[in-house]
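Each remark here refers to the structure printed beneath this line.
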Amino acid sequence: MSDSVFPAAVTDAEFTSQVLQSPVPVLVDVWASWCQPCVTLKPVMSKLAQSYRDRATVLTLDADSNLETVTKYDVRALPTVLLFDQGALIGRQSGAQALSTYTAMLDARLSARQAGVAAAPMATSTPKAAAPTVNSPAMRDARELVDRDTPVVIFKHSATCSISISVKREYDVFVRENPEAETRLLIVQNERPLSNALAELLRVQHESPQALVVRNGQVIWHASHQRITASRIVDALRTATTTA
């Protein structure tokens with residue numbers, strides 16, 4: 008299939024001009040090279056690009072290289088296909104779906120356009136849970152975890168997020184190569200109250216995956232998504248160890 012048919016790639020820098028300012032609906036396939044279901048979705052996106060070439064645009068976005076867009080639109084699984092129109096996110100599908108799923112999305116939006124119906128933005132993230140109370144068990148556990156004189160590495164992991172599963176390999180490498188380091192793996196599905204308490208106590212917005220190095224109640228370093236690497240955790244721990 009020719010390059011003119013196969014979906015073109017879009018980046019963080021181009022996202023506003025190519026997607027949000029597009030005169031036609033845009034379907035964005037968020038993928039990664041290590042994601043096998045993303046590979047199986049390629050021919051589907053190619054068919055869509057060909058079928059809708061005069062009515063809509065189909066683009067791909069590499070999740071590993073475009074963290075700004077991935078974070079902004081709360082992409083937590085790969086592949087995720089986002090539908091935009093008139094500058095707004097109006098639909099999403101996570102996981103590799105059948106061709107008919109995406110044609111239904113596009114056809115519904117194109118029909119709405121013909122009827123003069125404006126695009127209705129959808130929420131980009133789930134509502135935040137209520138902040139834990141000062142004396143809640145979760146808050147007490149959070150204080151005990153971070154108010155230590157020795158640095159602690161905390162890794163917030165989502166067991167249902169393919170990006171988090173990939174990034175956790177870096178955390179696992181760090182743990183394996185630094186057995187003396189004090190670490191805490193926090194699986195957010197199982198320990199949501201503690202995760203919320205840490206975000207409230209440390210004043211660092213929750214993300215997953217997310218890594219933090221804390222000491223004496225202070226955040227020495229934190230990062231999310233592919234910014235987390237074993238070497239960066241080592242550097243942050245070294246800084247935390249030498250900080251008075």
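Following my numbering, the numbering of the sequence shown begins with 8 at its first residue and continues without gaps. Cβ atoms here follow ideal geometry from the backbone N, Cα and C, with glycine treated the same way.
Item                                                                                                                                                                                         : Value
Look at the Cβ atom of residue 16, then the Cβ atom of residue 39, and state whether they are nearer than 7 Å.                                                                               : no
For my contact list, residue 247 and residue 220 are in at a C-beta cut-off of 8 Å; report their separation, rounded to the angstrom.                                                        : 5 Å
Assuming contact is defined by CB atoms lying nearer than 7 Å, are residue 148 and residue 74 in contact in what I supplied?                                                                 : no
Can you give me the Cβ contacts of residue 13 inside the same chain, cut-off strictly under 7 Å, excluding the 5 residues immediately before and after it?                                   : 53 and 56
DSSP puts residue 36 in a beta bridge; with which residues?                                                                                                                                  : 67 and 88
Which value, in whole angstroms, describes the spacing of the CA atoms of residue 142 and residue 249?                                                                                       : 32 Å
If you scan the stretch 191-230 from start to end, which runs of the beta strand (DSSP E) of 3 or more residues do you find wholly inside it?                                                : 217-222
Report the CB separation of residue 122 from residue 178 in whole angstroms; it is logged as a contact under 8 Å.                                                                            : So it is not a contact: roughly 49 Å between Cβ atoms.
Among 41, 47, 67 and 43, which has the Cα closest to the Cα of residue 25?                                                                                                                   : 67
What is the C-beta distance between residue 83 and residue 161, in whole angstroms, given that I count them as a contact (C-beta under 8 Å)?                                                 : Their Cβ separation, rounded to whole angstroms, is 19 Å, which puts residue 83 and residue 161 out of contact at 8 Å.
Once you ignore the five residues that flank residue 182 on each side, which residues in its own chain have a CB closer than 7 Å to its CB?                                                  : 190
Just confirm the distance between the C-beta atoms of residue 45 and residue 90, as a whole number of angstroms; I'd bet it's less than 8 Å.                                                 : Not confirmed; about 17 Å, so no contact.
Apart from the five residues just before and just after residue 128, which ones in its own chain have a Cβ nearer than 7 Å to its Cβ?                                                        : 95, 96 and 97
In three-state terms, what does DSSP make of residue 43?                                                                                                                                     : helix
Which of helix, strand or coil does DSSP assign to residue 159?                                                                                                                              : strand
Please state whether the Cβ-Cβ distance between residue 48 and residue 111 is less than 7 Å.                                                                                                 : no
Take residue 63 and list the residues in its own chain whose beta-carbon comes closer than 6 Å to its own, dropping the five residues that flank it on each side.                            : 31, 32 and 113
Give every residue of the same chain whose Cβ lies closer than 8 Å to the Cβ of residue 106, excluding the five residues on either side of it in the sequence, and list them in chain order. : 51, 54 and 55
CA-CA distance, residue 72 and residue 42?                                                                                                                                                   : 14 Å
Taking 7 Å as the threshold (C-beta atoms), are residue 93 and residue 119 in contact?                                                                                                       : no
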